[in-house]
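Structure first, commentary second.
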Amino acid sequence: MRVLGIETSCDETGIAVYEHGRGLLAQAVYSQIALHAEYGGVVPELASRDHIRKTLPLIQQVLAEAGLTRAQLDGVAYTAGPGLIGALLVGAALGRSLAWAWQVPAIGVHHLEGHLLAPLLEDPAPAFPFVALLVSGGHTQLVEVRGIGRYRLLGESLDDAAGEAFDKTAKILGLPYPGGPELARLAERGDPERFRFPRPMTDRPGLEFSFSGLKTFTLNTVQTELPRAADPEQTRADIARAFEEAVVETLVIKCRRALRATGHQRLILAGGVSANQRLRARMNQAITAEGGQTFYPRPALCTDNGAMIAFAGCQRLLAGQNEPLLFTPRARWPLEQLAPAA
Amino acid sequence: MKLLAIDTSNAACSAALLCDQQVIQELTIAPRRHGELILGMMQRLLEQAGLELRTLDALAFGCGPGSFTGIRIATSVIQGAAFGSELPVVPISTLAALAQGQFRRDGHRRLLTALDARMDEVYWGCYEIGEQDRAELCCAEQVCVPTQVCYPAGEGWQGVGPGWAVHGMALRARIGAALIGTNPEAICEAQDIAWLAASELAADRWVSAQQALPVYLRDRVTRG
């Protein structure tokens, strides 16, 4: 079975073709980062307007790269939520009507299920069950994954997502949008001993996160330290480092706790923030020390992409699920509402 | 000529199949339910006529102006269907379809079409019904405050479309004695898009699936 995947839930247009038994045949992502940079965040109407210009040309490009004609696809998968509703509608409407015209089944995929299953595209792929940490600009969630569609939310952020905290803190430090990766670069030059930031919600049991206080702590540190700093540039780097250390350690503590609580050995990291090198290094160290194993998809599969949608859609189509002749994407859609694939 | 047309630009959702000078249509008022309804309408019309999608000559859609999300739904549906069936696409202005619909109903040949554009503005188009009985644009469509709409010289203009309900007073003051009446209840319908698209296709005016794009008229959507 060959499935076309379409992802348009936020500011990336992602298209891919996945073939069951063979793997990814081709994929392409068009990022709108430059479009939104001057506004310091994603402007939903601009995102939708860009998706509608880019999606079909990208589909044509990916089919050409895979050397496939239109008749060689067996299904179409599109992101049906959660996300920006106007952006979701573009991919859902196009994907559903394309499947109708091709006379093949269609499936609406949960964006986070795409991220959760993305590591299964890699070799070696983690076996079920595992714990997944989803960390991106929109989500920070710990999820127990027992099989496709068998998810249990273990904990999530009560306020800002980790990626959001990275971006907002970067803004406080005067870094350009989107600031997360810039902040990580600045932190490279920072002294980890100079400042110590709190590790929110680690001093009590539970798997919830909270990052908005950390952002405020950064703001206060910037306001007190920068004006009196002898070397402001170094101070900014030191603050960035302290912030990154705090987020990374918090995530590591909660992941270790989640593995202990569930008794599972495997941890997968997914979402844009999981590309952070310090996070990967610390997580490996901590989880290996516990006798566990960590899995990461390659960076292109960490951020939003069509491959994970094609893959997750393919699993559900193989299980006999598909959509009737309509499309109803949802801005909000709890992961636990998903049905098991088999 | 065989052609399938859709419109999801506002609260109404409609699809129409034109086949050898006959048109059948499905239309329902269904705000925010276009995604649930439109493909089913298209499928039923084809079944009713005993046709397959790929045997049509073209697909047409109301490309705007209208609700941004609404016109993107129609555009995306048509992009997918046209790419998947390798059919040409004819984008039709929703204002032109409003004018064509008014001509169909009461024979008026000079039409001033208006849709509410919010932010105290109207989407505005002036159309005259030509020799082929098709709405032809007199001057460029606009989005502007009602007191600044352009209109051609001459008498006997009929106002059409819900913009006349929201901005009626200002528009009537602007047009003055050249206006002979209004129909603010008129809505854009796929059947009128189908008739207009048939003429366009006959004149070899069409685009490929990926060139089928919305016409928002309002291009400034951010502040500053």
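Chains as they are written, first to last, in full-length UniProt numbering: chain D, 1 to 342; chain Y, 1 to 224.
A virtual CB, placed ideally from N, CA and C, is assigned to each residue, including glycine.
Start and end residues, alpha helix (DSSP H) containing residue i
{"i": "D:V247", "result": "232-262"}
{"i": "Y:S14", "result": "Y:S14 -> not in any alpha helix (DSSP H); beta strand (DSSP E) instead, spanning 12-19."}
{"i": "D:R53", "result": "44-65"}
{"i": "D:N284", "result": "277-289"}
{"i": "D:L35", "result": "33-37"}
{"i": "D:V222", "result": "212-225"}
{"i": "Y:Q148", "result": "From DSSP, Y:Q148 is part of no alpha helix (DSSP H); its letter is neither H nor E."}
As assigned by DSSP and simplified to three states, the class of residue i
{"i": "residue 231 of chain Y", "result": "Since the first residue shown for chain Y is 1 and the last is 224, residue 231 of chain Y is missing from the structure and cannot be characterised."}
{"i": "D:W333", "result": "coil"}
{"i": "Y:W124", "result": "strand"}
{"i": "D:E113", "result": "helix"}
{"i": "D:S157", "result": "strand"}
{"i": "D:A118", "result": "helix"}
{"i": "Y:I71", "result": "helix"}
{"i": "D:A107", "result": "First, the residue type needs correcting, since residue 107 of chain D is Ile and not Ala in the sequence shown. Here D:I107 sits in strand by DSSP."}
{"i": "D:I268", "result": "strand"}
{"i": "D:G206", "result": "coil"}
{"i": "Y:G62", "result": "strand"}
{"i": "Y:I187", "result": "coil"}
{"i": "D:L25", "result": "strand"}
{"i": "D:I148", "result": "coil"}
{"i": "Y:V221", "result": "coil"}
{"i": "D:Q141", "result": "strand"}
Element boundaries [beta strand (DSSP E), containing residue i]
{"i": "Y:S93", "result": "89-93"}
{"i": "Y:W157", "result": "157-160"}
{"i": "Y:A50", "result": "This sequence places Gly at residue 50 of chain Y; Ala is not what is there. No beta strand (DSSP E) contains Y:G50, which DSSP labels as neither H nor E."}
{"i": "Y:I175", "result": "First-last for Y:I175: 168-175, but that is the alpha helix (DSSP H), not the beta strand (DSSP E)."}
{"i": "D:T79", "result": "75-81"}
{"i": "Y:E28", "result": "The amino acid occupying residue 28 of chain Y in the given sequence is Thr; Glu does not appear at that position. Looking at the DSSP string, the run of the beta strand (DSSP E) that includes Y:T28 is 22-29."}
{"i": "D:I6", "result": "2-7"}
{"i": "Y:R110", "result": "110-116"}
{"i": "Y:D7", "result": "2-7"}
{"i": "Y:T182", "result": "179-183"}
{"i": "D:A132", "result": "130-135"}
{"i": "D:F295", "result": "293-295"}
{"i": "D:T13", "result": "12-19"}
{"i": "Y:A135", "result": "135-144"}
C-beta contact flag for residue i and residue j at 8 Å
{"i": "D:G5", "j": "D:I309", "result": "yes"}
{"i": "Y:L18", "j": "Y:M41", "result": "no"}
{"i": "D:L116", "j": "D:T55", "result": "no"}
{"i": "D:G109", "j": "D:A242", "result": "Note on identity: in this sequence residue 109 of chain D is Val, with Gly being the wrong assignment. Going by C-beta atoms, D:V109 is not nearer than 8 Å to D:A242."}
{"i": "Y:I73", "j": "Y:L45", "result": "no"}
{"i": "Y:I180", "j": "Y:W157", "result": "yes"}
{"i": "Y:G66", "j": "Y:T28", "result": "no"}
{"i": "D:V143", "j": "D:P129", "result": "no"}
{"i": "D:L301", "j": "D:A118", "result": "yes"}
{"i": "D:V222", "j": "D:L173", "result": "yes"}
{"i": "D:R282", "j": "D:Y296", "result": "no"}
{"i": "D:T8", "j": "D:A87", "result": "yes"}
{"i": "Y:S14", "j": "Y:A186", "result": "no"}
{"i": "D:S210", "j": "D:P198", "result": "no"}
{"i": "D:W102", "j": "D:L73", "result": "yes"}
{"i": "D:H51", "j": "D:G91", "result": "yes"}
{"i": "Y:E141", "j": "Y:A178", "result": "no"}
{"i": "D:S31", "j": "Y:L39", "result": "no"}
Sequence-distant residues of the same chain with beta carbon closer than 6 Å to residue i, five excluded per side
{"i": "Y:V215", "result": "C63, G64"}
{"i": "D:V3", "result": "Y18, G75, A77, A310, G313, C314"}
{"i": "D:A28", "result": "I15, L58, Q61, V62"}
{"i": "Y:Q43", "result": "none"}
{"i": "D:E122", "result": "P297"}
{"i": "Y:G161", "result": "L98, T113, A114, L115, A186"}
{"i": "Y:P152", "result": "C126, C138"}
Close-in-space but distant-in-sequence residues of the same chain around residue i (CB under 7 Å, 5 per side omitted)
{"i": "Y:L196", "result": "I92, A96, A97, Q100, R134, A135"}
{"i": "D:D238", "result": "G190, D191, R194, F195"}
{"i": "D:P299", "result": "A275"}
Neighbouring residues, chain C, relative to residue i (Cβ below 9 Å)
{"i": "D:R330", "result": "In the structure shown, chain C cannot be found, because the protein chains are D and Y."}
Chain-order list of residues whose beta-carbon lies under 8 Å from that of residue i (same chain, five-residue window excluded)
{"i": "Y:L213", "result": "C63, T75, P91"}
{"i": "D:R332", "result": "G81, P82"}
{"i": "D:E182", "result": "A170, L175, P176"}
{"i": "D:L259", "result": "V131, Q265, L267, I287, E290, G292"}
Three or more beta-carbon pairs under 8 Å between the region 111-129 of chain Y and the region 75-88 of chain Y, yes or no?
-> no
Evaluate contact between the region 147-156 of chain D and the region 280-290 of chain D, counting only Cβ atoms and requiring at least three cross-stretch pairs below 8 Å.
-> no
Mind the definition here: the region 142-155 of chain Y touches the region 181-200 of chain Y only if three or more C-beta pairs lie below 8 Å; say whether that holds.
-> no
Cβ contact (3+ pairs, closer than 8 Å) linking the region 161-175 of chain D and the region 129-141 of chain D = yes
Quick check: the region 18-30 of chain D against the region 321-341 of chain D, are there 3 or more CB pairs under 8 Å?
-> no
Please determine if the region 32-46 of chain D and the region 60-69 of chain D are in contact, where contact requires at least 3 C-beta pairs separated by less than 8 Å.
-> no
contact_flag[the region 265-277 of chain D, the region 118-134 of chain D] where n(CB pairs < 8 Å) is 3 or more | yes
Count the CB pairs spanning the region 97-107 of chain D and the region 320-331 of chain D that are closer than 8 Å, and state whether there are at least three.
-> yes
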